[in-house]
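Protein sequences, first through last, are from chains X and W. The first sequence begins at 311 in my numbering and counts up by one. The second sequence begins at 1325 in my numbering and counts up by one.
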Amino acid sequence: MTDSKYFTTTKKGEIFELKAELNSDKKEKKKEAVKKVIASMTVGKDVSALFPDVVNCMQTDNLELKKLVYLYLMNYAKSQPDMAIMAVNTFVKDCEDPNPLIRALAVRTMGCIRVDKITEYLCEPLRKCLKDEDPYVRKTAAVCVAKLHDINAQLVEDQGFLDTLKDLISDSNPMVVANAVAALSEIAESHPSSNLLDLNPQSINKLLTALNECTEWGQIFILDCLANYMPKDDREAQSICERVTPRLSHANSAVVLSAVKVLMKFMEMLSKDLDYYGTLLKKLAPPLVTLLSAEPELQYVALRNINLIVQKRPEILKHEMKVFFVKYNDPIYVKLEKLDIMIRLASQANIAQVLAELKEYATEVDVDFVRKAVRAIGRCAIKVEQSAERCVSTLLDLIQTKVNYVVQEAIVVIKDIFRKYPNKYESVIATLCENLDSLDEPEARAAMIWIVGEYAERIDNADELLESFLEGFHDESTQVQLQLLTAIVKLFLKKPTETQELVQQVLSLATQDSDNPDLRDRGYIYWRLLSTDPVAAKEVVLAEKPLISEETDLIEPTLLDELICYIGTLASVYHKPPSAFVEGSRGVVHKSLPPRTGSSESAESPEAAPSAGQAAEQPAVIPAQGDLLGDLLNLDLGPPVSGPPLAASSVQMGAVDLLGGGLDSLLRSDVGGSPAMGGSGFTAPGPAAPAAMGAPLGSGLGDLFDLTGGVGTLSGSYVAPKTVWLPAMKAKGLEISGTFSRQVGSISMDLVLTNKALQVMSDFAIQFNRNSFGLAPAAPLQVHAPLAPNQSVEISLPLNTVGSVMKMDPLNNLQVAVKNNIDVFYFSTLYPLHILFVEDGKMERQMFLATWKDIPNENEAQFQIKDCSLNADAVSSKLQGSNIFTIAKRNVEGQDMLYQSLKLTNGIWVLAELRIQPSNPSFTLSLKCRAPEVSQYVYQAYDAILKN
Amino acid sequence: MEAVPCRSVRHHQRASPRLIGLCWPRVAPLELSLLKLAPWVAFLPCDGAVMIHSLFLINASGDIFLEKHWKSVVSRSVCDYFFEAQERASEAENVPPVISTPHHYLLSVYRHKIFFVAVIQTEVPPLFVIEFLHRVVDTFQDYFGVCSEVMIKDNVVVVYEVLEEMLDNGFPLATESNILKELIKPPTILRTVVNTITGSTNVGDQLPTGQLSVVPWRRTGVKYTNNEAYFDVIEEIDAIIDKSGSTITAEIQGVIDACVKLTGMPDLTLSFMNPRLLDDVSFHPCVRFKRWESERILSFIPPDGNFRLLSYHVSAQNLVAIPVYVKHNINFRDSSSLGRFEITVGPKQTMGKTIEGVMVTSQMPKGVLNMSLTPSQGTHIFDPVTKLLTWDVGKINPQKLPSLKGSMNLQAGTSKPDENPTINLQFKIQQLAISGLKVNRLDMYGEKYKPFKGIKYMTKAGKFQVRT
């Protein structure tokens, strides 16, 4: 007699049969029928047609039958809202049942039914249940508030449920407290600004007390909530840490990891001199190690988090290298993560052991793992200088195994070792050359060719070796072709006499017989260099190169700090901030580590400080695009960038390409760089990128930001002309230009998408990063037909301002991600503030006076608007078009004074006084606002509107 | 200009999503991450307040045989992303536990040849979900004896009721099996028969008493005629031994499992002879942590029945004794198509105890066609398809060491295999905790009767590997 019998009736008349059984008079038969219905539901069959019949069974004394009916209701209520309302009375009645189990069950099920009509009836029973004498009912009701909030947030606020929920934090029962915290954090997460979980020392104390008593799951909620608290000083941080530490011994790994998060975060506030700091460090290691003896899935998540922790505080696990050694029957995803951490922990002290292990792994069966193990050896060499020699000899041993893929990987990493330690290990080149013929992967071939070119002067038969590759030049991949070209040029510069023919050959292959633009361009550059000035060519091509950096794989420090705040979450598994995958209004508040309060301030975590190698590479870090754009705007007034003073047009093209390509590769190599590092010394190549897109160099910039070019429309606010936001070369052929406009109250982003690639583009989508005013697309990006090559499409994307808010710098910076079938692209742009000026921005006169007086004088900002020849009335009407309203006009000593007001979409009022002297083309604009940081942008808007 | 370095060439090829100015990570030149992010990372929508949205159970052949939704129904087509990953992975064990899809994340665990796939829509601690899934598996096992597809299908209604009871709106409601069993009675043959005859149900209609007391893990009113408390100290050795026989890593994963059947509300204390061994421990929630911190005594009101009181981890190398050694001589000769194979197992540090249940397994290289071996004791099997050699040794007699000798037939004409086989060892030692942990005494307070107490020790091999 098992439930499998319920699966057996799969005949056509099944539903009909069930219907009859459900309406049977016999209780037992009814129950069996409902069970069959549930069984069908579990395997994904649609049994929603039975809704009325099942609901009829709801009024019963039999608890099991009631539960089963409730289960059914939760599944199908949404699809049958009108029917679901039939169940309401029973629910309300059950909420009054003397049995707390039934009361709780009813309120819980009602909350799961996402039908508006039911929700209305839920409020009264829920209110009672929140104050129920039985804690089981209270804790269920607490969760129900979160459910209801998800369905109808306004209703929950209006009914005062949030306050009741807050009161439950002080409940006598720890389970109720835990669920109240869970519900509140759930709600707070969807409303980041609501400040629901008002954490203060008292409430923290309550939470810490509840922490000791509630269930493991409740502990997770409480710990995650604690992690959001910012202790006022290091003493408070320490006392919280002390009370959280016992959680490290919990059997539930999620509790442990949440506790680790709290500790890692608050540790930031403790002085390193403190004894307690050292104690805490010691306490963190064992639980992390223990996580690794859990099931593989848990291990995987733990390892991803440990990866962050060892980057932030390597001292915690520096003696625990061995637990990361790979067991041969670990799942592959665990193996790879362990390998990564092994490299991070590698140091002079343990390198011998690590290398022995890595060598062992290189003989395993799994090809992917073996390859990564070989690469890891190379990374060790680059990371730990003292070990380089041993690494090289290990790699040589591996090459001797003659296992094809091992040899190829080894050669790729040896190339990197040469780039880190030039002129040290050239003796191995002979061994490498022996394996030349077995290399069949492009990356390995390219690496080998690079080595031959780089050390051509020490390899007697370098010309023969390279020549052998040249035979099949056109069959090679681009990577190999480029490498071969460069290597032969290097060889020629080193041994010009014997290799002239070879270089001729490769140059003609690259330029005349190839249609790859990269290859052709590089070929031409070399060719011209060599033919114009061989000495200069030598200096350029053979110049000493900066050494490669050892820690290119480290997560960038600000991101790392943010991720530390998200230990234990999906963000920590993906090593991306939640903003990367949490959409829209549910945006997560940006978290950051607390500042250290102690005195020993200066160099926090020296390991994270940039090493010498990184410093050398710093020029490669470009400023964040926002800054670049800012620079572009400023450049508008400066001298135009002129093209290279070369006559031959083909040469000019080459040069432009060089610049563009260089910038491109720089951009790619470090777009994630912290904005703080930007802004310096990189302004010149910046503008070249868009300019290279085809506009004549000299005037390109002028055109881009020529503010006289556009004509403002009369019906709405001033609209700036479209500018290129995303040049095609940065977006695999997709060019985006656009502008912002506001017409009768609606903001839109007017875009032109141009396909400059050779393939059709489709599946467009757009997304904004959080921004200062919550701008967000109000509709998806609709490109109706696929965009054919060389086709453009104009789209007006409606925007709203209900997105999630994060203050940007500059304030009007907007970061946009656009996706198509090829890739995802990112750019940022500045929107003119006047698109946010709302139509009802006209203030009452009295109100204006009062407000003007009320705002403190230090909030007043003065600006000059130069070269504007309009008279006061013209100014007034022009501004009105963009929702800047003139409230009063006065004439004082021959000057016209305009008093104006405007309101931003987020309700900020800005008051303005505009002084216009008839003889003087410069106006003086004084702005007063409670949020003075917007003033500058308001001024920019004035300036733009008035000059167009 | 420098030759385009290969490093940056790789960058170009792998342009993963990066939002300028948002400080996304630089792409490591050598990304060891297995997570191959879809180019468009799943953007989690903003409407879900549910932590675990849905659960799918999938068998090894890729059939979804059960689905449970805690909110609206998520189409089972979401599992296609899982199937894709399953296809990519060579073995079921290698399916990555976190998979991103355009609108959901799939977190999965693989146990008893079943994938438990949770669908989530919001940022949820993944460990939370994975721990919960493991708890689901344990509960099924507890309820039905075994956790298998057949068993689950046979008890689908109970399964459904249990799942509903375990989670409410994504918040775990009742995961202690003691409490669950009071809410939903586990099926027994007797009860099924009785239910059918009398029409009674397997759903409890009383609120479990433990649910909200200060000791949520214990119900009140427990009564036994024989009061007994048994504790099993079980230690597993995880070790990697290198070719020459020296230890690369060795650690002990220990647990104390208890079976306590005591009347009323007993309050127990357990003390050790050498508590200092235990510096890395995880306790059952019943253990009073303060008392442990200050006195190194385990003080607790036990749950009723079977539970894991404590798990611990000993990693200090000098404390981990290695009880067995393996002498091996595995030789693939280069030119000939015959190889030699010889292993001997012997006791090392066993504190005078016998090693039993010894089982040797080794995954031989592909090039090995067959093996003709003679064991001095026990039985052996070589599967020429999977290339797995299994030798069931049994007990080790120190006077006459077990050995397995013979030759291997290698594929002719190929060079010798690249990888050396690793030897995997299973064994058991009764009445010994290899770390030396010893219970000093067990006392009971709060109740008047005299319970029967018992303590058992056992050492087992965990992941015990010998490289050759």
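Glycine included, C-beta positions come from ideal geometry on N, C-alpha and C. Computed from a predicted structure; not experimentally measured.
Output the distance between the C-alpha atoms of residue i and residue j, rounded to the nearest integer angstrom.
{"i": "residue 353 of chain X", "j": "residue 1500 of chain W", "result": "27 angstroms"}
{"i": "residue 1039 of chain X", "j": "residue 1486 of chain W", "result": "57 angstroms"}
{"i": "residue 1708 of chain W", "j": "residue 1692 of chain W", "result": "8 angstroms"}
{"i": "residue 1624 of chain W", "j": "residue 1588 of chain W", "result": "14 angstroms"}
{"i": "residue 1745 of chain W", "j": "residue 1564 of chain W", "result": "13 angstroms"}
{"i": "residue 1582 of chain W", "j": "residue 1555 of chain W", "result": "4 angstroms"}
{"i": "residue 614 of chain X", "j": "residue 1781 of chain W", "result": "35 angstroms"}
{"i": "residue 554 of chain X", "j": "residue 569 of chain X", "result": "6 angstroms"}
{"i": "residue 597 of chain X", "j": "residue 674 of chain X", "result": "30 angstroms"}
{"i": "residue 391 of chain X", "j": "residue 383 of chain X", "result": "10 angstroms"}
{"i": "residue 800 of chain X", "j": "residue 725 of chain X", "result": "16 angstroms"}
{"i": "residue 1392 of chain W", "j": "residue 1429 of chain W", "result": "16 angstroms"}
{"i": "residue 1772 of chain W", "j": "residue 1586 of chain W", "result": "11 angstroms"}
{"i": "residue 1384 of chain W", "j": "residue 1102 of chain X", "result": "49 angstroms"}
{"i": "residue 602 of chain X", "j": "residue 1590 of chain W", "result": "34 angstroms"}
Kindly indicate which three-state DSSP category residue i falls into: helix, strand or coil?
{"i": "residue 627 of chain X", "result": "coil"}
{"i": "residue 449 of chain X", "result": "helix"}
{"i": "residue 735 of chain X", "result": "coil"}
{"i": "residue 771 of chain X", "result": "coil"}
{"i": "residue 1407 of chain W", "result": "helix"}
{"i": "residue 614 of chain X", "result": "helix"}
{"i": "residue 1221 of chain X", "result": "strand"}
{"i": "residue 1113 of chain X", "result": "coil"}
{"i": "residue 1489 of chain W", "result": "helix"}
{"i": "residue 1541 of chain W", "result": "coil"}
{"i": "residue 1750 of chain W", "result": "strand"}
Quick one: what's got a C-beta closer than 6 angstroms to residue i's C-beta in the same chain, skipping five residues either side?
{"i": "residue 416 of chain X", "result": "401, 404 and 405"}
{"i": "residue 1027 of chain X", "result": "1052, 1144 and 1192"}
Should residue i go down as buried or exposed, given a rule of 16 or more other Cβ atoms within 10 Å for buried?
{"i": "residue 1092 of chain X", "result": "exposed"}
{"i": "residue 482 of chain X", "result": "exposed"}
{"i": "residue 1684 of chain W", "result": "buried"}
{"i": "residue 517 of chain X", "result": "buried"}
{"i": "residue 1480 of chain W", "result": "buried"}
{"i": "residue 1577 of chain W", "result": "buried"}
{"i": "residue 595 of chain X", "result": "buried"}
{"i": "residue 1597 of chain W", "result": "exposed"}
{"i": "residue 1077 of chain X", "result": "buried"}
{"i": "residue 1206 of chain X", "result": "buried"}
{"i": "residue 548 of chain X", "result": "buried"}
{"i": "residue 890 of chain X", "result": "buried"}
Looking only at its own chain, which residues have a Cβ that is under 7 angstroms from the Cβ of residue i, when we skip the five neighbours before and after it?
{"i": "residue 683 of chain X", "result": "649, 668, 671 and 672"}
{"i": "residue 779 of chain X", "result": "759 and 794"}
Just to confirm my understanding: we take residue i, look at its own chain, exclude 5 residues before and 5 after, and list those with CB closer than 8 angstroms. What are they?
{"i": "residue 1863 of chain W", "result": "Summary: the structure shown does not reach residue 1863 of chain W, with chain W confined to residues 1325 through 1792, and so no result is reported for it."}
{"i": "residue 412 of chain X", "result": "373, 376 and 404"}
Flag this pair as touching only if the segment 1102 to 1115 of chain X and the segment 1081 to 1092 of chain X have three or more C-beta atom pairs under 8 angstroms; answer yes or no.
yes
The segment 1652 to 1670 of chain W touching the segment 1627 to 1638 of chain W, judged by at least three CB pairs closer than 8 angstroms
no
Count the CB pairs spanning the segment 802 to 822 of chain X and the segment 830 to 844 of chain X that are closer than 8 angstroms, and state whether there are at least three.
yes
Inter-stretch contact (C-beta, 8 angstroms, three-pair minimum) for the segment 1414 to 1424 of chain W and the segment 571 to 589 of chain X:
no
Does the segment 773 to 789 of chain X come into contact with the segment 743 to 762 of chain X, if we say contact requires no fewer than three beta-carbon pairs (one atom in each stretch) closer than 8 angstroms?
yes
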